[in-house]
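Position 87 of the sequence shown, counting from 1, maps to 89 under our numbering, and the rest follow consecutively.
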Amino acid sequence: MKRYGPLIVVPGALGVGDPGRHHLRLTPEAVLFRDGTENRGIVPWGQVERVLLDVPVTRFRLPGLVSTIVIGALTFLALSDLGMDPEDGTVDVVIDGESTTTPLSRHHVGGYWAPTVDGAHRLLQHLIDHPDQRSLLARPEPLIEVAARLARSAATGSSGS
Numbered sequence: 003m004k005r006y007g008p009l010i011v012v013p014g015a016l017g018v019g020d021p022g023r024h025h026l027r028l029t030p031e032a033v034l035f036r037d038g039t040e041n042r043g044i045v046p047w048g049q050v051e052r053v054l055l056d057v058p059v060t061r062f063r064l065p066g067l068v069s070t071i072v073i074g075a076l077t078f079l080a081l082s083d084l085g086m087d088p089e090d091g092t093v094d095v096v097i098d099g100e101s102t103t104t105p106l107s108r109h110h111v112g113g114y115w116a117p118t119v120d121g122a123h124r125l126l127q128h129l130i131d132h133p134d135q136r137s138l139l140a141r142p143e144p145l146i147e148v149a150a151r152l153a154r155s156a157a158t159g160s161s162g163s
């Protein structure tokens with residue numbers, strides 16, 4: 003599965019958060035609130051005004067890789083599972099003027115690189131503001147690349163992309 007920061011490609015949709023736990027699934031028609039494989043709610047895009055992720059961030063560019071290596075080494079040395087699951091963040095979705103906050107599970111222990119979260123916010127707002135672009139969610143791989151470009155432009159302070 004292709005992933006960039008909090009975004010991950012899932013079959014026929016773009017996921018936000020860990021698809022095995024609390025996450026959003028973005029389809030061309032709607033935003034689905036999920037807990038693993040269970041739907042917790044479906045909201046048509048026309049009702050969504052804003053999506054704001056509240057997850058730990060870091061200035062370090064490769065937090066997932068480093069946390070995976072460190073935890074793997076510690077687990078190997080301890081010869082047991084250390085029980086170090088990432089703590090949930092939250093996602094606030096404004097639906098028809100009302101704010102709804104729900105858990106959002108992370109992919110790894112530690113924060114996301116800050117520009118990846120900014121890129122995700124910019125992509126999400128673009129999808130809200132440009133309904134014609136939501137059809138891209140049916141094949142989300144290129145959207146991960148767009149979010150990466152948005153993250154890099156935010157990190158370098160450039161305005162074009």
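Backbone N, C-alpha and C define an ideal beta-carbon position, used for all residues, glycine too.
Checking the DSSP bridge columns, you'll see Pro105 partnered with Thr92. Straight through space, the alpha carbons of His25 and Leu106 are spaced by roughly 5 angstroms. Across the structure, Gly14 and Leu138 are spaced so that their CA atoms are roughly 10 angstroms apart.
Check the Cα spacing between Pro21 and each of Gly121, Asp37, Ile44: the tightest is with Asp37. Within the same chain, Ala15, Leu16, Leu139 come within 6 angstroms of Leu28 by CB-CB distance, once the 5 residues on both sides are set aside.
Excluding its 5 nearest sequence neighbours in each direction, Gly99 has C-beta neighbours in its own chain below 8 angstroms: Glu51, listed in chain order. In the three-state scheme derived from DSSP, where H, G and I count as helix and E and B as strand, Pro8 is classed as coil. Close CB contacts of Pro46 within its chain, under the 7 angstroms cut and outside five residues either way in sequence, are with Glu31, Ala32 (chain order). By the CB criterion at 8 angstroms, Leu54 and Asp94 fall inside the cutoff.
Between Thr60 and Gly113, the CB-CB gap stays under 8 angstroms. Under the criterion of beta carbons closer than 8 angstroms, Val96 and Leu125 do not qualify as touching, at roughly 17 angstroms. The Cβ atoms of Asp56 and Thr92 sit closer than 8 angstroms to each other.
Annotation: Ala122 is outside any beta strand (DSSP E); the continuous alpha helix (DSSP H) that includes it extends over 116-131. Taking a 10 Å sphere around the C-beta of Arg42, we find fewer than 16 other C-beta atoms and assign the residue as exposed.
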